[in-house]
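Residues 1287 to 1427 (the working numbering) make up the sequence shown, in order.
Glycine included, C-beta positions come from ideal geometry on N, C-alpha and C.
What follows is a single structure, written as structure tokens, with notes after it.
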Amino acid sequence: MSIDIQAHADAILGLLRAREDLTVYPPPEPEDTGQIVPDEADPPYVAVHIRPGFAMGPSIVLATTRAVFDITAHCVGGNDIAARAVAQQVVDALLDVVPVIAGRQCFPIRYLDSPPVRADESTGRLVVDQVYVFRLETLPG
């Protein structure tokens, strides 16, 4: 049994892109520029990194059937209030949502972690990054 990594990524990104007031990177194809965040991007936005992982599923044959996807959302704003506003959009789009992925039984997306906020003024303007990490787990459905 093969676990479709792109289908999982598409489902996660689709939940975020469905929010009209949220700019999501990486951009969808065919807009993909080969960068997660284009050089000309201005906050506010969310930059999403999806890390696939795999684990043993509940199976008699002891097969690796459980998909475990960590979703790291960099909620970026021009100040701390803007970064929190992006974070709120991301939390509303993902937390406890059960995505739909063909051939998979999906569990609710759960919160994992939120490291300290990072402020960067190295470019001469303030950019604040509030990171949230979520997890999506699925089994064959």
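{"Check": "By the DSSP assignment, the beta strand (DSSP E) with residue 1391 in it spans what residues?", "Outcome": "1390-1392"}
{"Check": "Note down, in chain order, each residue of its chain lying with its Cβ closer than 6 Å to the Cβ of residue 1344, except the 5 sequence neighbours on either side.", "Outcome": "none"}
{"Check": "Is DSSP giving residue 1412 helix, strand or coil here?", "Outcome": "coil"}
{"Check": "Given residue 1380, which residues of its chain have a CB within under 8 Å of its CB, disregarding the five upstream and five downstream residues?", "Outcome": "1298, 1301, 1302, 1357, 1359, 1395 and 1420"}
{"Check": "For residue 1374, does the count of other Cβ atoms within 10 angstroms reach 16, so buried, or fall short, so exposed?", "Outcome": "exposed"}
{"Check": "Where does residue 1308 land, buried or exposed, given buried means 16+ other C-beta within 10 angstroms?", "Outcome": "buried"}
{"Check": "Since residue 1360 sits in a beta bridge, which residues does DSSP pair it with?", "Outcome": "1333 and 1417"}
{"Check": "If you follow the beta strand (DSSP E) that residue 1404 is part of, which residue opens it and which one closes it?", "Outcome": "1404-1406"}
{"Check": "Report yes or no: do three or more beta-carbon pairs, one from the segment 1323-1331 and one from the segment 1360-1373, lie closer than 8 Å?", "Outcome": "yes"}
{"Check": "Would you tell me roughly how many angstroms separate the C-alpha atoms of residue 1410 and residue 1387, rounded to the nearest one?", "Outcome": "43 Å"}
{"Check": "Could you please give me the residues that DSSP links to residue 1299 through a beta bridge?", "Outcome": "The partner list for residue 1299 (beta bridge, DSSP) is empty, contrary to what the question assumes."}
{"Check": "Could you give the DSSP three-state label for residue 1399: helix, strand or coil?", "Outcome": "strand"}
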